[in-house]
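Student: The structure is given below, and queries will be raised subsequently.
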Amino acid sequence: MSQANRGVVYKGPGKVDVESIPYPELALGNRKCDHGVILKVVTTNICGSDQHMVRGRTTAPAGLVLGHEITGLVVECGRDVEFIKPGDLVSVPFNIACGRCRNCKEGRTGICLNVNPARPGAAYGYVDMGGWVGGQTEYVMVPYADFNLLKFPDTDQAMDKIRDLTLLSDIFPTGFHGCVTAGVGPGSTVYIAGAGPVGLAAAVSAQLLGAACVIVGDMIEERLAQARSFGCETIDLTQDGDMADKLEAILGEREVDAFVDCVGFEAHACGCNHGKEAPATVLNSAMQMTRAGGQIGIPGLYVTEDPGAVDDAAKQGALSMRFGLGWAKSHSFHTGQCPVMKYHRPLMQAILFEKVKIADAVNVQIISLDQAPQGYADFDGGAAKKFVIDPHGSVAA
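Counting in the numbering used here, the final residue of the sequence shown is number 537, and the numbers go up one at a time with none missing.
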């Protein structure tokens, strides 16, 4: 018997709707997906990278079902699924990974070689990421379930902490990965570019890793106030002035040990030009602000095609970087999707044992599926919130 399903659908630049969509099947095209499961979605989050598509800054087609940050309850398992069972509450890494290819076996699950015919790496509900149906839905199919899914050890305990645990599918591991690849450790001084949800997740990750001082830069005061709420220093990027002077006022030094870019390709200039798009500005600032020998983590998204870019080069993903400065300072740059599976279990433990309050740091707000279009609009307007969709009303207020 066919069941009902609804999801958030991209309709074109600036427009998303909640529509009826097909109930998922354990199938890949014309063949059965015996290694997959169907989930009843408990929570599914709106991500900043979804906004790039909704703003029309990618080649995403109208009709795409959105959503790659998924937590759900298993309702059906394929024949070959051995270790995941109906009734399990699980976190779904946004990377879809086969577990069999060279990259997966090396732990590089963000660039699996077998899940996207166009390029390495895949994700749910995202442009150029393999055509997988997104998870801002009531139900969704997840392939390679035994390999991909993180089962929570106790469902009741997990539901009590679901506002935090829902962030394991993407932004908490992504922010943490940005800090790890930037070399953050005990005593580090860290600059986080961007105070959106990933930037805030990176900031609290830097604290978890032992950073001595975490500085967050953004242009929206509400987001800067959110960063200050858990002990970060902040810099208002709408204000004129030399960044080295601003660092010195906080640190007594003019450079940081580690830099994390949580902005990506829709970056804007600083100071009096803060309304002007300048896609390479964060990368160039990273090289200026990071000490010689330092590391730069870049979890912020950069694309190969940007139809809304400010110039023809940027439309092809070609940005004007002062790379010679980074070379002269022996910087290392770390790009690409976060391999979520590398981090999601230890970060789950940090949440369950109350070593971190990630939901408070990113200011989680639970909304219904029908409220998703407004959530997208509020997020795009700069709200200092992480919008988490609860399709079935499963999360207690």
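Positions of the beta carbon are idealized from the N, C-alpha and C atoms, including for glycine.
Mind checking which residues open and close the alpha helix (DSSP H) that includes Gln191?
Tutor: The count along the sequence shown starts at 1 and reaches residue 191 at position 51. Note, Gln191: alpha helix (DSSP H), 188 to 194.
Student: State the start and end residues of the unbroken alpha helix (DSSP H) segment that holds Val502.
Tutor: Translated into positions along the sequence shown, residue 502 becomes position 362. Note, Val502: alpha helix (DSSP H), 498 to 502.
Student: Is DSSP giving Phe473 helix, strand or coil here?
Tutor: For the purposes of this step, residue 473 is identified with residue 333 of the sequence shown, where counting begins at 1. Strand at Phe473.
Student: Between which residues of its own chain and Asp518 is the CB-CB distance below 8 Å, once the five residues before and five after are set aside?
Tutor: Mapped onto the sequence shown, residue 518 falls at position 378. Taken in chain order, the residues that qualify are Lys525, Phe527.
Student: Here's the rule: buried if 16 or more other CB atoms are within 10 angstroms of the residue's CB, otherwise exposed. What is Glu246?
Tutor: Reading the sequence shown from its first residue, position 106 is the one you call residue 246. It counts as exposed.
Student: With a CB to CB cut of under 7 Å and the five nearest residues on each side skipped, what residues in its chain are close to Arg240?
Tutor: Taking the first residue of the sequence shown as 1, we reach residue 240 at position 100. The answer, listed in chain order, is Asn254.
Student: Taking only three categories from DSSP, how would you classify Met141?
Tutor: In the sequence shown, residue 141 corresponds to position 1, counting from 1. Low local confidence applies: a pLDDT of 45 at Met141 is under 50, so the model's placement there is unreliable, with the coordinate-based value given in what follows. Met141 falls in the coil class under three-state DSSP.
Student: Can you tell me whether DSSP reads His317 as helix, strand or coil?
Tutor: One-based indexing of the sequence shown puts residue 317 at position 177. Helix at His317.
Student: According to DSSP, which residues form a beta bridge with Leu229?
Tutor: Residue 229 sits at position 89 when you count from the first residue of the sequence shown. Paired residues: Leu213.
Student: Measure the alpha-carbon distance for Gly433 versus Ser470 and round it to whole angstroms.
Tutor: Looking up residue 433 in the sequence shown gives position 293. Looking up residue 470 in the sequence shown gives position 330. Gly433 and Ser470: Cα-Cα distance of roughly 5 Å.
Student: Would His408 and Lys180 qualify as a contact pair, given that the criterion is a beta-carbon distance under 8 Å?
Tutor: For this step, residue 408 is matched to residue 268 along the sequence shown. For this step, residue 180 is matched to residue 40 along the sequence shown. Not in contact: His408 and Lys180 (Cβ atoms no closer than 8 Å).
Student: What's the gap between the Cα of Asp500 and the Cα of Ala367?
Tutor: Position 360 of the sequence shown holds residue 500. Position 227 of the sequence shown holds residue 367. Taking the straight line from one Cα to the other gives about 10 Å.
Student: What residue from Val535, Leu423, Gln428, Asp530 has the CA that sits closest to Met538's CA?
Tutor: Nothing in the structure corresponds to residue 538, since the chain is present only between 141 and 537.
Student: DSSP puts His408 in a beta bridge; with which residues?
Tutor: Stepping through the sequence shown from its first residue, residue 408 is reached at position 268. Bridge partners of His408: Glu417.
Student: If we count Cβ pairs, one from each stretch, closer than 8 Å, do we get three or more for the region 318 to 338 versus the region 214 to 222?
Tutor: No contact exists between the region 318 to 338 and the region 214 to 222.
Student: Are the beta-carbon atoms of Ile332 and Ile311 separated by less than 8 Å?
Tutor: The residue you call residue 332 lines up with position 192 of the sequence shown. The residue you call residue 311 lines up with position 171 of the sequence shown. It is not a contact, given that the beta carbons lie outside the stated cut-off.
Student: Using a threshold of 8 Å, state whether the C-beta atoms of Ile302 and Ile529 are closer than that.
Tutor: By one-based count along the sequence shown, residue 302 stands at place 162. By one-based count along the sequence shown, residue 529 stands at place 389. No, the Cβ-Cβ distance between Ile302 and Ile529 is not below 8 Å.
Student: One question on the structure: do Asn158 and Asp510 come within less than 8 Å of each other, judged by their Cβ atoms?
Tutor: Taking the sequence shown and counting its residues from 1, the one referred to as residue 158 is at position 18. Taking the sequence shown and counting its residues from 1, the one referred to as residue 510 is at position 370. Checking the sequence shown, residue 158 turns out to be Val, not Asn. Against a cut-off of 8 Å, the Cβ pair of Asp510 and Val158 comes out as a contact.
Student: Name the one or two DSSP bridge partners that Asp376 has.
Tutor: Along the sequence shown, one-based indexing puts residue 376 at 236. Paired residues: Asp358.
Student: Express the C-alpha separation of Ser369 and Thr277 in angstroms, rounding to a whole number.
Tutor: The residue you call residue 277 lines up with position 137 of the sequence shown. The residue you call residue 369 lines up with position 229 of the sequence shown. Each residue's Cα considered, the two are about 32 Å apart.
Student: Use the C-beta contact count for Pro293: other C-beta atoms within 10 angstroms, 16 or more gives buried, fewer gives exposed.
Tutor: Reading the sequence shown from its first residue, position 153 is the one you call residue 293. Burial call: exposed.
Student: Quick one: what's got a C-beta closer than 6 Å to Ala365's C-beta in the same chain, skipping five residues either side?
Tutor: Counted from its first residue, the sequence shown places residue 365 at position 225. So the list is empty, once near-sequence residues are dropped.
Student: Where does Asp388 fall in DSSP's three states?
Tutor: By 1-based counting over the sequence shown, the position of residue 388 is 248. The sequence as given places Glu at residue 388; Asp does not occur at that position. The answer is helix: DSSP assigns Glu388 an H, G or I state.
Student: With DSSP as the reference, label Lys155 as helix, strand or coil.
Tutor: In the sequence shown, residue 155 corresponds to position 15, counting from 1. Three-state result, Lys155: strand.
Student: Are the beta-carbon atoms of Leu465 and Met427 separated by less than 8 Å?
Tutor: As a first step, residue 465 is located in the sequence shown; it is residue number 325 there, counting from the start. As a first step, residue 427 is located in the sequence shown; it is residue number 287 there, counting from the start. Yes, these two residues count as a Cβ contact at 8 Å.
Student: Whose CA, out of Arg259, Val194, Val282, Glu209, lies closest to the CA of Gly203?
Tutor: In the sequence shown, residue 203 corresponds to position 63, counting from 1. Among Arg259, Val194, Val282, Glu209, the Cα nearest to that of Gly203 belongs to Val194.
Student: So if DSSP puts Ile332 in a beta bridge, which residue, or which two residues, is it bridged to?
Tutor: Within the sequence shown, numbered from 1, the residue matching residue 332 stands at position 192. Note: Ile332 sits in a beta bridge opposite Val356, Val400.
Student: Nearest by alpha-carbon distance to Val344: which of Ile360, Thr314, Val205, Arg431 is it?
Tutor: Here residue 344 refers to the residue found at position 204 of the sequence shown. Among Ile360, Thr314, Val205, Arg431, the Cα nearest to that of Val344 belongs to Thr314.
Student: By Cβ distance below 7 Å, which residues in the same chain neighbour Leu377 in space, the five residues on each side in sequence not counted?
Tutor: Indexing the sequence shown from 1 puts residue 377 at position 237. Closer than 7 Å at Cβ, skipping near neighbours: Gly357, Asp358, Met359, Cys410, His414.
Student: Classify Arg197: buried if its beta carbon has 16 or more other beta carbons within 10 angstroms, exposed otherwise.
Tutor: Here residue 197 is taken as the residue at index 57 of the sequence shown, counted from 1. Flag for Arg197 reads buried.
Student: Does the region 278 to 286 come close enough to the region 222 to 242 to have 3 or more Cβ pairs within less than 8 Å?
Tutor: Yes, they touch.
Student: Please return the same chain residues whose Cβ sits closer than 8 Å to the Cβ of Met141, not counting the five positions on each side in sequence.
Tutor: Reading the sequence shown from its first residue, position 1 is the one you call residue 141. In this predicted model, Met141 has a pLDDT of only 45, less than 50, meaning its place in the structure is not dependable enough to derive any value.
Student: For the pair the region 430 to 448 and the region 396 to 407, tell me if three or more CB-CB distances fall below 8 Å.
Tutor: Short answer: they touch.
Student: I believe Ala398 touches Ala341 by the beta-carbon criterion, under 8 Å. Please report the beta-carbon distance rounded to the nearest angstrom.
Tutor: What you label residue 398 is simply residue 258 of the sequence shown in a count that begins at 1. What you label residue 341 is simply residue 201 of the sequence shown in a count that begins at 1. Going by Cβ atoms, the distance from Ala398 to Ala341 rounds to 15 Å, so no, they are not a contact pair.
Student: Does the pairing of the region 257 to 274 with the region 478 to 490 give three or more beta-carbon distances under 8 Å?
Tutor: As far as the Cβ criterion goes, the region 257 to 274 does not touch the region 478 to 490, which means the pair count is below three.
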